[in-house]
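Beneath this line is the structure, given in structure tokens, with notes to follow.
Numbering (this note's numbering), first residue to last: 29 to 557.
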């Protein structure tokens, strides 16, 4: 087959002088033109073989198209979830409303849930009593129309924004293809006889070497000089920020656990189990294994109690607690999960408990702990930081990736106040060369009060958000075992944003990933804030 394709290419070149598009070729044994991706891969193998013998030269052209997923194909055939839900409902005032439970029985939980949500958003349906009814008599199912257009053309007239929305809903996937233009090479011939590369004993004995054609060997060719190593811009900025922390007396936390349980990533931080960030649209969950080992039983009981019923002066969330939700395994969405674990170990000294020596912390017996704390409770102030990767189910664009780095610091001491946090932030950012700061009140489930940090960007001439901070809530700290007068403040910034600002990069995909310029990495200057 490979030799037949090579012969086809050579014969076509001999007849027409050039091949402007390899997708017009009809391969041996086929009836249709070679427009498919697999056919072009087969042709590429033949082209590489001919090019290695200088018989041809070729140029690669890339194409990008989209194909429907299984769910997308079903919608293209039967209609979108929202259109099917709308079609199943009676018009307002003309029939008995249909309950959401009945819709689940008709379409299944997932289709019913998505269909209701999007139909409500489009104002196609509304509530009437305990059920749902149509609010409009006619609709235009744009999702179905768009999917049919993608199925027939591979793209959308509506543009990239509409395609991105369909990709986000996992109704289409991007598919890359390629095709080639081919021209004659310096050693062009219609014969595909391969030159010999080795002189064998049998050829000498038989004398066949006299008539054989041998591939030329280039004795003058120089070897490729290896390039020296170079630090990536992210590593340069990371090291500079790390040195700032160490200079200020911080200790680095171990953060090697990319996989965390929902308990440490959310529950221990007093993030409600109904919080939107815990949906699959924002978090990557593991399927195998899907559940974690149980956390310490007494601590787990205190955390679940403060969530469901409240404690330590809090009313809690008054929502049902789910053990299954707490045991889910996921790719951590923030390094605060590691901070929570380290704070729990720090609080163990206050409780007079031993700390497992396998957890990067020295063993501390109750008697020793009592001696270390000024108040006799074993507590010692701590300043901790980490710089490591986190993962979120983001739609990727010029400023967002599904994987990025978080810079985080926590300070634990007695009597800390919000003024201490603001003062520390000013010192920390001043060391990074950022002095013009503003603080805006914000909401975080695990800090109260909370502050967003803004800095004035002299190049952009506007205020930009550079971080988030706050005082950890008693609902988070008290179940760990900290005394009432021990407060903890924390803050976090990304590593990518200051790196992009420092090096004048406006698209994160040219900072991380296959589009990174190796020459740019080698020539990027050392960072100095």
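Note that CB positions come from ideal geometry on N, CA and C, so glycine has one too.
How many angstroms separate the CA atom of residue 548 from the CA atom of residue 85?
-> Cα to Cα, residue 548 sits roughly 30 Å from residue 85.
Could you tell me the distance, in whole angstroms, from the CA atom of residue 335 to the CA atom of residue 510?
-> Rounded to whole angstroms, the separation of the alpha carbons of residue 510 and residue 335 is 18 Å.
Could you tell me how far apart the beta carbons of residue 407 and residue 377 are, in whole angstroms, since I believe they sit closer than 8 Å?
-> Taking C-beta atoms under 8 Å as the contact rule, residue 407 and residue 377 qualify, at a distance of about 6 Å.
Round the Cβ separation of residue 93 and residue 183 to the nearest angstrom and send it over; I've been treating them as touching at under 8 Å.
-> At roughly 6 Å, the Cβ-Cβ gap stays under 8 Å, so residue 93 and residue 183 are in contact.
Residue 29 - DSSP class collapsed to helix/strand/coil = Residue state, collapsed to three classes: coil.
Who are the Cβ neighbours of residue 349 in its own chain at under 8 Å, not counting the five residues just before and after it?
-> Excluding its 5 nearest sequence neighbours in each direction, residue 349 has C-beta neighbours in its own chain below 8 Å: 301, 332, 335, 336, listed in chain order.
What are the start and end residues of the beta strand (DSSP E) that includes residue 200?
-> Note, residue 200: beta strand (DSSP E), 200-212.
Tell me, which residues are paired with residue 475 by DSSP?
-> For residue 475, which the question treats as bridged, DSSP gives the partners 472, 500.
Could you pull out every residue in the same chain whose Cβ sits closer than 7 Å to the Cβ of residue 35, ignoring the five residues on either side in sequence?
-> Cβ neighbours of residue 35 beyond the five flanking positions: 220.
Going by the beta-carbon positions, is the gap between residue 363 and residue 309 smaller than 8 Å?
-> Contact flag unset, no.
Between the region 240-252 and the region 64-71, do three or more beta carbon pairs fall short of 8 Å?
-> Contact between the region 240-252 and the region 64-71 is absent: fewer than 3 CB-CB pairs across the two stretches fall below 8 Å.
Please go through the same chain and pick out, in chain order, the residues whose beta-carbon is closer than 6 Å to the beta-carbon of residue 543, but skip the five residues on each side of it.
-> Only 537 meet the Cβ criterion.
With DSSP as the reference, label residue 540 as helix, strand or coil.
-> Coil.
Quick one: Cα of residue 158 to Cα of residue 125, how far?
-> Cα to Cα, the separation comes out at about 8 Å.
Where are the beta strand (DSSP E) runs, 3 residues long or more, that stay fully inside the region 426-476, in chain order?
-> Complete beta strand (DSSP E) runs here, min 3: 431-442, 465-472.
Taking residue 428 as the reference, give the member of 206, 528, 502, 371 with the closest Cα.
-> For residue 428, the closest of 206, 528, 502, 371 by C-alpha to C-alpha distance is 528.
Decide yes or no for the touch test of the region 160-175 against the region 104-122: beta carbon pairs closer than 8 Å, at least 3 of them.
-> Three or more pairs of CB atoms, one per stretch, sit closer than 8 Å, so the region 160-175 contacts the region 104-122.
Considering only the beta carbon of each residue, do residue 517 and residue 495 sit closer than 8 Å?
-> No, Cβ-Cβ distance for residue 517 and residue 495 is not below 8 Å.
Straight-line CA distance for residue 461 to residue 444?
-> About 26 Å.
Please work out which residues of its chain come closer than 6 Å, Cβ to Cβ, to residue 179, disregarding the five sequence neighbours upstream and downstream, and give them in chain order.
-> Contacts found: 96, 104.
Consult DSSP for residue 346 and reduce its assignment to one of helix, strand or coil.
-> Secondary structure of residue 346 (DSSP, three-state): coil.
CA-to-CA distance, residue 59 to residue 142, given in whole angstroms = When rounded, the distance between both Cα atoms is 43 Å.
Going by the beta-carbon positions, is the gap between residue 258 and residue 354 smaller than 8 Å?
-> Contact: no.
When you compare only the Cα positions, how much space is there between residue 512 and residue 454?
-> Using only the alpha carbons, I get a separation of about 27 Å.
Compute the distance between the beta-carbons of residue 473 and residue 359, then report whether it is under 8 Å.
-> The beta carbons of residue 473 and residue 359 sit no closer together than 8 Å.
Proximity below 8 Å, CB of residue 414 to CB of residue 357 | The answer is no: Cβ separation not under 8 Å.
Confirm, please, whether the CB-CB distance from residue 205 to residue 65 is below 8 Å.
-> It is a contact, given that the beta carbons lie within the stated cut-off.
Is the CB of residue 355 under 8 Å away from at least one CB in chain B?
-> The structure shown has no chain B; it contains just one protein chain.
For residue 229, is the classification buried or exposed, using 16 other Cβ atoms within 10 angstroms of its Cβ as the cut-off for buried?
-> By the 10 Å Cβ count, residue 229 comes out exposed.
Could you name the residues that DSSP lists as bridge partners for residue 416?
-> Per DSSP, 434.
Which residues bound the beta strand (DSSP E) around residue 105?
-> Per DSSP, residue 105 belongs to no beta strand (DSSP E); it is in the alpha helix (DSSP H), 98-106.
CB of residue 480 within 8 Å of CB of residue 493, strictly | Their beta carbons are under 8 Å apart, which means residue 480 touches residue 493 by this criterion.
Output yes or no for whether 8 Å exceeds the beta carbon distance between residue 169 and residue 111.
-> Their beta carbons are under 8 Å apart, which means residue 169 touches residue 111 by this criterion.
What separation, rounded to the nearest whole angstrom, lies between the Cα atoms of residue 386 and residue 293?
-> With a pLDDT of 40 at residue 386, under the threshold of 50, the predicted position of this residue should be treated as unreliable, though the coordinate-derived value follows. So the two alpha carbons sit approximately 21 Å from each other.
Just the C-alpha distance for residue 279 and residue 305, rounded to the nearest angstrom, thanks.
-> Rounded to whole angstroms, residue 279 to residue 305 spans 29 Å at the Cα level.
Neighbour-count burial assignment, residue 264, 16 or more Cβ in a 10 Å radius = Residue 264 comes out buried.
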